[in-house]
Structure formats: C-alpha cells, structure tokens
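Data block below; observations after.
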Amino acid sequence: MKRHVLWECIIGDVSDPDTYASGMVLGWEHSDAGEWAKKHVRDGKLWYITELKNTDHIQFLVQVFGEMSDKDYTYFSLKWGINP
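Just so we're aligned, residue 262 is where the sequence shown starts under our numbering, counting upward by one.
Written out as structure tokens, the structure is:
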C-alpha cells in the first residue's frame, strides 16, 4: 500500500487555515469520491495537511492523503481524478 494524494485545493489568506480547510475536507469526505476512498484506504483512515505554498501571496495547500493499493488508486484516479 502506498500513500496517495486523493484531493487537494489551495486556500487564500485566512486567519485559521486548519479550521477553514476542515469544512472543505469534510465536504469532500461526504462526496462520492470521499465515501469511496474511505472504504478503500487502509484502516479507513484519511488525513489532511495544510501547508504554506507561496510566500509572495499567502496561500495554503490543503491535501487529503490515504494509503491504498495501486489498483484502487488507479480506479480512483480514472473515475474522479485528484480534484473531482
């Protein structure tokens, strides 16, 4: 099983990027892609990270990761892509 990026987005300058991102991640988790991913990742665990992407303009990269087989990730990528 490998760790794969399942969803990502960039958010602008907000006072609390983790709180802001958590709502977006929750929305993705309840989408068809998120529901499918939760059933196919190792131990049903997804996690996300928020990091500063660009220091010229304050932006944060939000990524959801999961560990799944190459076969499942190929199916996921073909059906939904990284940003469905």
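Note that beta-carbon positions come from the ideal geometry of N, C-alpha and C, so glycine has one too.
Spatial distance of residue i from residue j (CA atoms)
{"i": "P345", "j": "E269", "result": "For P345, the predicted structure reports a pLDDT of 47, less than 50, and the residue's modelled location is therefore unreliable. The matter cannot be settled from this model."}
{"i": "M285", "j": "D274", "result": "15 angstroms"}
{"i": "A298", "j": "L267", "result": "8 angstroms"}
{"i": "Q324", "j": "F337", "result": "16 angstroms"}
{"i": "I310", "j": "R303", "result": "18 angstroms"}
{"i": "S330", "j": "E296", "result": "16 angstroms"}
Per DSSP, the bridge partner or partners of residue i
{"i": "Y309", "result": "V325"}
{"i": "H265", "result": "G327"}
{"i": "I272", "result": "F321"}
First through last residue of the beta strand (DSSP E) which encompasses residue i
{"i": "H291", "result": "No beta strand (DSSP E) holds H291; DSSP gives it neither H nor E."}
{"i": "R303", "result": "From DSSP, R303 is part of no beta strand (DSSP E); its letter is neither H nor E."}
8 angstroms contact criterion, which residue i and residue j should meet: CB distance rounded
{"i": "W308", "j": "F321", "result": "That pair is no contact at about 16 angstroms."}
{"i": "E312", "j": "R264", "result": "Not confirmed; about 16 angstroms, so no contact."}
{"i": "A282", "j": "W341", "result": "Actually they are not in contact, since the Cβ atoms of A282 and W341 sit about 19 angstroms apart, beyond 8 angstroms."}
{"i": "D333", "j": "H291", "result": "No, D333 and H291 are not in contact; Cβ-Cβ is about 19 angstroms, not under 8 angstroms."}
The ligand PLP heavy atom lying under 7 angstroms from the CB of residue i
{"i": "W341", "result": "This structure lacks the ligand PLP; in fact it carries no ligand of any kind."}
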